[in-house]
Amino acid sequence: DQQVKQNSPSLSVQEGRISILNCDYTNSMFDYFLWYKKYPAEGPTFLISISSIKDKNEDGRFTVFLNKSAKHLSLHIVPSQPGDSAVYFCAARSIQGAQKLVFGQGTRLTINP
Amino acid sequence: DAGITQSPRHKVTETGTPVTLRCHQTENHRYMYWYRQDPGHGLRLIHYSYGVKDTDKGEVSDGYSVSRSKTEDFLLTLESATSSQTSVYFCAISDPDREQQYFGPGTRLTVT
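Quick mapping for you: the protein sequence lines, in order, are chains F and D. The working numbering puts the first residue of the first sequence at 282, with every later residue one more than the last. The working numbering puts the first residue of the second sequence at 384, with every later residue one more than the last.
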């Protein structure tokens, strides 16, 4: 039972354009949503998060949008840069659970020059 | 960067042998986690710890055990390694007042 889903395994975007990564979830008990970025042979690094009581959080080129009624969140990267090429994981934290995170399968983003 | 190290970084072992992976932190964070990363599955939680000697099972705990005798160290043991345990293993840490977890560099384990 996949509680957090990233349905696009890969995404290719031209440099300078907007990248939009999507994530869907099923558990209404999630109170925080996070995005992590992962380069090959490295551990995931935290990128941005959003509380379930908000619908938008922005940090520089990165914005996360949350649509609770649709149980959907998205990460927007504007403008996309070559260094943004990585695997992006969506994660969610349950208020029930000892700080545990549930991760999606990941989306590989490639930024083309 | 959070002070998290994992050892070894790479290991090849044979089916049926015991394997122990170590996670060491210098941040004095209360929570520690072990995940495995596999293609098509993202990161899946194996075991976690919410304090010294306090551990619990995650989503994919079968075949794994853990121990935490000190705040800074969290050990993951494969009692008898199987080929299905070939994976990349990540340790993570967090504190109760922050929602994010910080990850170590990973251990690539191959069971032949």
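We put the CB at the ideal spot given by N, CA and C, even for glycine.
Interface positions of the segment 322 to 339 of chain F facing chain D (Cβ-Cβ less than 9 Å), listed along the chain: Within the segment 322 to 339 of chain F, the residues whose Cβ lies closer than 9 Å to some Cβ of chain D are A322, E323, G324, P325, T326, F327, S330 and S332, listed in chain order.
Under 8 Å by beta carbon: chain D residues contacting F:G385: Around F:G385, the beta-carbon contacts reaching into chain D at under 8 Å are G425.
In terms of DSSP beta bridges, what is D:Y414 paired with? Per DSSP, D:S477.
Can you tell me whether F:A351 is buried or exposed? The criterion is at least 16 other CB atoms within 10 Å of its CB, across all chains shown. F:A351 comes out exposed.
How would you call D:V449, buried or exposed, if buried means at least 16 neighbouring beta carbons within 10 angstroms? Buried is the call here.
Which of helix, strand or coil does DSSP assign to F:S291? Reduced to three states, the DSSP call for F:S291 is strand.
C-alpha gap between D:T493 and D:H393, whole angstroms: Each residue's alpha carbon lies about 8 Å from the other.
Buried or exposed: where does F:V294 fall if 16 or more other Cβ atoms within 10 Å of its Cβ makes it buried? Looking at its Cβ environment, which holds 16 or more other Cβ atoms inside 10 Å, F:V294 is buried.
If you measure between the beta carbons of D:T460 and D:Y472, is that distance less than 8 Å? Pairing D:T460 with D:Y472 gives a Cβ-Cβ distance that is not under 8 Å.
According to DSSP, is D:Q468 helix, strand or coil? In this structure, D:Q468 counts as helix in the three-state DSSP scheme.
Status (buried if at least 16 other CB within 10 Å, exposed otherwise) for D:S470: Answer is buried; the Cβ neighbour count reaches 16.
Per-residue contacts from F:Y313 into chain D (C-beta, under 7 Å): Within 7 Å Cβ-Cβ: E482.
Determine the direct distance from the alpha carbon of F:F346 to that of D:E455, and round the result to whole angstroms. In a straight line, the C-alpha of D:E455 is about 36 Å away from that of F:F346.
Do you know how far the Cα of F:F384 is from the Cα of D:G423? The alpha-carbon separation between D:G423 and F:F384 amounts to approximately 11 Å.
Return helix, strand or coil for F:G385, following the three-state DSSP convention. F:G385 falls in the coil class under three-state DSSP.
Residues bridged to F:N348 [DSSP beta-bridge criterion]: Listed as beta-bridge partners of F:N348 by DSSP are F:H353.
Just list the residues that DSSP pairs D:L492 with in beta bridges. Beta-bridge annotation (DSSP): D:L492 is paired with D:K394 and D:S470.
Is D:P479 close to chain F, meaning its C-beta is less than 8 Å from at least one C-beta of that chain? Interface residue (Cβ-Cβ distance to chain F less than 8 Å): D:P479 is classified as such.
In the structure shown, what three-state DSSP assignment does D:D456 receive? If DSSP states are grouped into helix, strand and coil, D:D456 belongs with the strands.
Would you check if the distance between the CB atom of D:V553 and the CB atom of D:R427 is smaller than 8 Å? Residue 553 of chain D lies beyond the range of chain D shown here (384 to 495); nothing can be said about it.
Measure the beta-carbon distance from F:N393 to F:E296 and round it to whole angstroms, keeping in mind my assumption that it falls under 8 Å. Confirmed, about 6 Å.
Any beta-carbon of chain D closer than 8 Å to the one on F:K352? Answer no: the Cβ-Cβ gap between F:K352 and chain D never drops below 8 Å.
Counting Cβ pairs closer than 8 Å, one from the segment 407 to 416 of chain D and one from the segment 429 to 441 of chain D, do we hit at least three? Enough Cβ pairs lie closer than 8 Å, so yes.
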